[in-house]
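Chains as they are written, first to last, in the numbering used here: chain P, 347 to 756; chain G, 347 to 756.
I have placed the structure first, in the form of structure tokens, so that the comments after it can refer back to it.
Protein chains: 2
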Amino acid sequence: MALIVAKFGGTSVADVERIEVVANKIVREAKLGHKVVVVVSAMSGVTNRLVDYCKQINPFYDMREYDVVVSSGEQVTAGLLAIALQKRGITASSWLGWQISVHTNDVHGKARITGIDTNEVHKRLDDGEIVVVPGFQGMTQSGRITTLGRGGSDTSAVALAAALGADRCDIYTDVDGVYTTDPRIVPNARKLKKISFEEMMELASLGAKVLQTRSVEIAMKKEVSLQVLSSFEEYIGSDLPGTLVTKEDNIVEDELVSGIAYKRDEAKITLLSVPDIPGVAATIFQPLAQAAINVDMIVQNISPDGKTTDITFTIAKADVPKAVKTLSDVSDLEGVDIDINENVAKISVVGIGMISHHGVASTMFKTLAEKNINIQVISTSEIKISVLIEEDYTELAVRSLHTAYGLEEE
Amino acid sequence: MALIVAKFGGTSVADVERIEVVANKIVREAKLGHKVVVVVSAMSGVTNRLVDYCKQINPFYDMREYDVVVSSGEQVTAGLLAIALQKRGITASSWLGWQISVHTNDVHGKARITGIDTNEVHKRLDDGEIVVVPGFQGMTQSGRITTLGRGGSDTSAVALAAALGADRCDIYTDVDGVYTTDPRIVPNARKLKKISFEEMMELASLGAKVLQTRSVEIAMKKEVSLQVLSSFEEYIGSDLPGTLVTKEDNIVEDELVSGIAYKRDEAKITLLSVPDIPGVAATIFQPLAQAAINVDMIVQNISPDGKTTDITFTIAKADVPKAVKTLSDVSDLEGVDIDINENVAKISVVGIGMISHHGVASTMFKTLAEKNINIQVISTSEIKISVLIEEDYTELAVRSLHTAYGLEEE
């Protein structure tokens with residue numbers, strides 16, 4: 347008998363019929379004798395609609411009220427799944443973020459879980475109940491609702507699995523595992539049986555929409571192995587043929603490159619002719635950090651005269667209005683032109699094998715050059731290389747790189 | 347400077363544009379120097395959609411989980427209105443039922459408010475904030491979410507007004523006041539300037555959809571005068587030309603009959619050949635009460651042989667499946683046939699003047715007889731007479747009675 351946390355994403359609970367399918371999957375686990383905590387997302391489309399409402403009223407909406415609005419989606423699914431489980435003769439109840447409680451810091455809209463009270467959940471599980479928890483939501487110390495950022499339900503699931511000491515954390519989604527790249531772009535992309543936390547974290551943060559970055563980060567830290575599974579397939583017995591995201595030690599043969607990721611939701615911001623004085627980077631990036639805007643790639647070009655410099659960085663497209671407003675309010679940047687380019691994509695090559703092998707970067711640059719794709723910004727880590735290119739070339743770049751690294755299905 | 351509780355129903359917050367209009371109305375009150383607590387319903391259609399989800403999964407859904415699902419609608423509106431108010435330069439925040447807290451009993455789906463903590467709200471108001479509260483929702487002593495029954499946001503508003511000691515409780519809706527009958531059926535129905543709590547309570551419980559019965563009951567008990575207003579009209583200055591629902595003392599001239607109400611959402615249930623023994627009524631109605639099913643009209647026909655009896659009663663159509671299930675489980679009723687007729691309407695004549703005038707009932711019976719409308723069940727109180735008729739005759743009955751009592755616009 348194992349304790350399982352099972353998480354179902356938006357497409358897995360898209361409508362009443364899909365919720366019934368999810369209930370059947372949970373019943374299957376319960377019949378195998380397992381204790382189950384289910385974490386659910388909002389029905390697909392719901393969160394987008396709620397975010398749109400906020401934006402329509404005020405593009406600079408208050409994140410505290412945004413959290414009140416958008417957290418409602420997961421609440422609905424949790425109640426509905428509990429009803430569906432009860433219909434199948436199972437004792438089940440929903441427990442909202444503030445009821446459990448899932449404690450977070452007060453960075454509304456992108457809050458981080460600081461702790462989870464598991465007493466009530468353990469008690470329910472011991473009584474033979476299935477516990478349904480809405481993902482994505484938590485509560486500040488002062489009792490306000492928070493949300494964990496888009497894809498936050500993954501993080502809820504992993505954090506719950508860690509806090510409960512769960513044996514497994516199953517992430518059910520609309521794909522049946524983690525692929526070498528997006529199969530919609532490269533039809534013969536290969537499903538990975540196993541992938542290390544480190545690689546998954548890079549892939550996740552780089553746009554492979556299977557798992558939220560933060561969830562992988564917590565899984566790695568707390569050593570919670572994740573199984574990525576399709577909620578659209580039927581599994582028989584205890585066989586779960588998805589992708590296991592686990593410690594590197596558990597992976598016998600590292601591949602040189604595990605996957606190619608792409609991301610279209612970043613924008614490139616360039617501040618032109620910024621005075622090139624010490625502390626100028628802090629002048630720019632400190633206010634952005636305070637406004638909870640994540641900056642990704644950063645490049646600084648020193649000008650020939652040494653007096654001014656152009657600074658380029660990337661942020662989420664969704665943060666552009668807030669970033670522009672924030673930077674306009676910085677008195678030291680008065681008169682500095684802000685150039686915004688939303689027509690960019692980030693392409694990344696990820697592989698834990700890179701640490702000990704050379705030539706991965708040069709293969710990437712050569713491949714893109716052969717296709718006449720211009721590289722605008724480069725950023726690297728021990729296990730990935732990312733480049734920013736013109737968005738129109740996204741598919742071409744991904745396909746060419748996938749072939750160049752020999753990642754196709756055998 | 348007054349303390350005002352203003353409640354906006356579903357059609358008043360139907361979409362983002364309507365929410366902006368509501369924000370403007372609140373700003374107007376704030377600019378007049380008033381402290382304002384706003385109570386909001388779910389955007390129109392949302393609650394119905396959420397109820398449908400529950401029903402689709404299981405017609406006998408768990409009311410505790412139903413409450414988790416349907417309470418989310420008001421939460422969304424509250425957050426959105428706070429954002430709209432903030433855009434207008436007003437400090438505003440939303441406070442959910444469990445945050446305030448609005449305490450209720452644990453009759454899920456039809457909970458009653460048992461108390462409201464007003465400290466936090468008073469503190470916010472004193473700080474110059476507008477407080478936005480989702481209607482319809484509360485919390486049990488054990489920390490589970492409850493809802494107050496359809497139209498429950500009216501009750502939330504009145505209970506808040508009473509608890510806060512508000513000077514006014516304005517109920518904004520999609521009509522501009524209380525009419526002598528439904529203007530969609532009788533175009534020359536007259537708007538009432540004032541109406542007593544007692545009459546409004548009868549009209550409300552009889553199907554005039556302007557106010558929830560329970561809200562009028564609390565308003566009467568706590569002497570909170572209600573102003574029914576249209577959210578679709580612009581009011582200038584402090585002039586609020588809706589209908590005032592108030593104590594009888596405040597109404598100088600009572601009318602013999604104030605209004606004609608109708609209700610199509612009841613079903614007639616007949617139990618055939620029930621053994622005519624003492625306690626049989628308790629056998630039937632106690633389980634229904636325990637299942638939180640409200641029974642309205644009751645008629646018992648003693649059979650000629652004195653051994654069996656037919657018992658007829660009406661309940662909400664929505665409660666029919668639950669009622670049938672509940673009665674089927676009563677062992678003493680084994681073998682008793684249950685006849686269900688959903689093709690009925692209840693028509694009522696209401697007027698505080700009835701107490702001292704005769705002839706109101708006979709006018710009603712004569713009028714219906716002249717139109718060949720058969721009366722199935724009759725029930726009376728001091729200030730109203732109700733009859734159950736075939737649903738097809740609803741409009742004809744309402745129109746004929748409206749004329750018979752001379753209620754037209756002069």
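In this text, a Cβ means the ideal position worked out from N, Cα and C, and glycines have one as well.
Three-state secondary structure (DSSP) of residue i
i: Lys377 (chain P); result: helix
i: Tyr407 (chain G); result: coil
i: Glu736 (chain P); result: strand
i: Ala662 (chain G); result: strand
i: Ile531 (chain P); result: coil
i: Gly699 (chain G); result: helix
i: Glu308 (chain P); result: Given that chain P is displayed from residue 347 to residue 756, the structure contains no residue 308 (chain P) and the question cannot be resolved.
i: Leu590 (chain G); result: strand
i: Leu538 (chain G); result: coil
i: Pro516 (chain P); result: Just to set this straight, residue 516 (chain P) is Asp in the shown sequence, not Pro. Strand at Asp516 (chain P).
i: Leu349 (chain P); result: strand
i: Ser571 (chain G); result: coil
i: Phe711 (chain P); result: helix
i: Ser551 (chain G); result: helix
i: Val706 (chain P); result: helix
Residue environment, residue i, which counts as buried when at least 16 other CB atoms sit within 10 Å
i: His704 (chain G); result: exposed
i: Asp500 (chain G); result: buried
i: Gln483 (chain G); result: buried
i: Gly681 (chain G); result: exposed
i: Gly474 (chain P); result: exposed
i: Arg395 (chain P); result: exposed
i: Met566 (chain P); result: buried
i: Glu548 (chain G); result: buried
i: Glu420 (chain G); result: buried
i: Met710 (chain P); result: buried
i: Leu618 (chain G); result: exposed
i: Glu545 (chain P); result: buried
i: Ala635 (chain P); result: exposed
Within-9 Å CB hit, residue i to chain G
i: Gly498 (chain P); result: no
i: Val414 (chain P); result: yes
i: Ser619 (chain P); result: no
i: Tyr581 (chain P); result: no
i: Asp408 (chain P); result: yes
i: Val362 (chain P); result: yes
i: Ile491 (chain P); result: yes
i: Lys483 (chain P); result: A small correction: the amino acid at residue 483 (chain P) is Gln; Lys does not occupy that position in the sequence shown. It does not: the Cβ of Gln483 (chain P) has no partner Cβ on chain G nearer than 9 Å.
i: Ala637 (chain P); result: no
i: Cys400 (chain P); result: yes
i: Gly425 (chain P); result: yes
i: Ser387 (chain P); result: no
i: Ser440 (chain P); result: yes
i: Glu366 (chain P); result: yes
i: Leu396 (chain P); result: yes
Below-9 Å beta-carbon distance, residue i vs any chain P residue
i: Ser417 (chain G); result: yes
i: Val670 (chain G); result: no
i: Ala428 (chain G); result: yes
i: Ser502 (chain G); result: no
i: Leu549 (chain G); result: no
i: Glu736 (chain G); result: no
i: Ile462 (chain G); result: no
i: Glu411 (chain G); result: yes
i: Gln646 (chain G); result: no
i: Lys335 (chain G); result: Since the first residue of chain G shown is 347 and the last is 756, residue 335 (chain G) is not available in this structure.
So does the segment 511-531 of chain P actually touch the segment 725-744 of chain P, counting three or more Cβ pairs closer than 8 Å?
yes
Counting Cβ pairs, one atom from each stretch, are 3 or more of them under 8 Å apart for the segment 425-438 of chain P and the segment 456-469 of chain G?
no
Report yes or no: do three or more beta-carbon pairs, one from the segment 671-691 of chain P and one from the segment 612-625 of chain P, lie closer than 8 Å?
yes
So, does the segment 655-670 of chain G touch the segment 630-643 of chain G, judging by three or more C-beta pairs under 8 Å?
yes
Going along the chain, which unbroken runs of the beta strand (DSSP E) with 3 or more residues stay wholly within the segment 416-487 of chain P?
438-440, 448-450, 459-462, 476-480, 483-485
May I have a chain-ordered list of the beta strand (DSSP E) segments no shorter than 3 residues that lie completely inside the segment 608-694 of chain G?
612-621, 641-648, 654-662, 683-687
Evaluate contact between the segment 570-577 of chain G and the segment 488-497 of chain G, counting only Cβ atoms and requiring at least three cross-stretch pairs below 8 Å.
no
Cβ contact check for the segment 382-395 of chain G and the segment 410-427 of chain G: 3 or more pairs under 8 Å:
yes
Does the count of Cβ pairs from the segment 511-520 of chain P and the segment 351-368 of chain P closer than 8 Å reach three?
yes
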